[in-house]
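Novice:
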Amino acid sequence: MKSNLKTVFTFCIAIITFTSTFAQKNFQGKATYQSKTTMDMSKFGGNKMSDSQKKMIAERMKTMLEKTYILTFNKTESTYKEDEKLAAPGKSGMGVMMMGSFSAGKQYKNLKTQQTLEDKEFFGKQFLISDSIPKLKWKMTAETKQIGKYLCMKATAIKPIDQMDFKNMRKKKNTKKDTAKDSSASKSFMSEIDIPKEVEVTAWYTMQIPVSNGPSEYGGLPGLILEINEGRTTILCSKIVLNPTEKEEIKAPTKGKKVTRKEYNDIMMKKINEMREMYGGRGRKSGMGRH
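Everything in the sequence shown is counted per the numbering used here, starting at 52 for the first residue and increasing by one.
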């Protein structure tokens, strides 16, 4: 009983302290997140790829599936961008090349207008994707856990998945009809995957930092989200600095062709189809040459 009272007392003191910090006129915070997506590469490529080839592709994709992001935020705005590192040199096939093109760019969020702007380069072209912050129906729970020095509470929601979100891709279950088609040498990486329409999301947020924000597009809770579990992806906060000595200007990006999310997805799909034709054509030619 005493232990529980002590926990509640400590939490209340922390809330008062951080609320005071948050109330400062020029409040700003910076949170570092580690994002990791797991993927079973053994299910891709079937018998056409050797174990060594699958291992090689998995290693090349590791840099795309494990990333570090920085969320710089104040009371109403934020930027979320990758802490970029030099990619290791090496050749890559269509699947790896396309996956790399879908990595998130710098994202700006405005909590007042509920709008986002994402600066993204796709095959040498600069785009500015305009979207709205997803309005998830969070289910609050009484479950808590500690993340670093912050007491976090659990919330869950069902999130519709963007059909260009390759973090949630999975091996497609082939029907007999599909199996007959798959015997073609022109079978592509894209024809092997399926993306579900929705996924359950678990968020851990702390009311010790009372901003309705979080990593990527997430927010809408009464505290900063420190951990997100979405399908095969986990985003975990590893460091927080409140009111850093050197503050960063938070502003919306302006470079690039402004498009909606749907328009951008259409552009990507068109490029995917072009790549499928190119790689499929090579497959058919090499297949004919062997007969």
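Ideal Cβ positions, reconstructed from N, Cα and C, are used throughout, including at glycine.
Could you give the first and the last residue of the continuous alpha helix (DSSP H) run that contains S101?
Specialist: Per DSSP, S101 belongs to no alpha helix (DSSP H) and is neither H nor E.
Novice: Any idea if T192 is buried or exposed, counting beta-carbon neighbours within 10 angstroms, 16 or more meaning buried?
Specialist: Answer is exposed; the Cβ neighbour count stays below 16.
Novice: Compare the C-alpha of A82 against each of D170, I260, T114 and M320 and name the closest.
Specialist: Out of D170, I260, T114 and M320, I260 has the C-alpha closest to the C-alpha of A82.
Novice: For Q158, report the span of its beta strand (DSSP E) as first-last.
Specialist: It spans K157 to N161 - the beta strand (DSSP E) in which Q158 sits, taken as one unbroken run.
Novice: With distances taken Cα to Cα, identify the nearest neighbour of M319 among T130, T123 and F178.
Specialist: Of the candidates T130, T123 and F178, the one whose C-alpha sits nearest the C-alpha of M319 is F178.
Novice: Counting only the same chain and skipping the five closest in sequence on each side, list residues whose C-beta sits under 7 Å from that of L202.
Specialist: The residues are F62, T195, T257 and Q259.
Novice: Pick from R111, A208 and I198: whose alpha carbon is nearest that of L275?
Specialist: Nearest option by C-alpha distance: I198.
Novice: Let me make sure I understand the geometry here. Which of T127, T285, P266 and A254 has the alpha-carbon closest to that of T164?
Specialist: Looking at the Cα atoms, T127 is the closest of the given residues.
Novice: Using the Cβ count rule (16 or more neighbours within 10 Å means buried), how would you classify K171?
Specialist: By the 10 Å Cβ count, K171 comes out buried.
Novice: Can you grab the Cα-Cα spacing for the pair K118 / A303, in whole Å?
Specialist: Each residue's Cα considered, the two are about 23 Å apart.
Novice: Taking all protein chains shown into account, decide if G175 is buried (16 or more other Cβ within 10 angstroms of its Cβ) or exposed.
Specialist: It is exposed - the Cβ of G175 has fewer than 16 other Cβ atoms within 10 Å.
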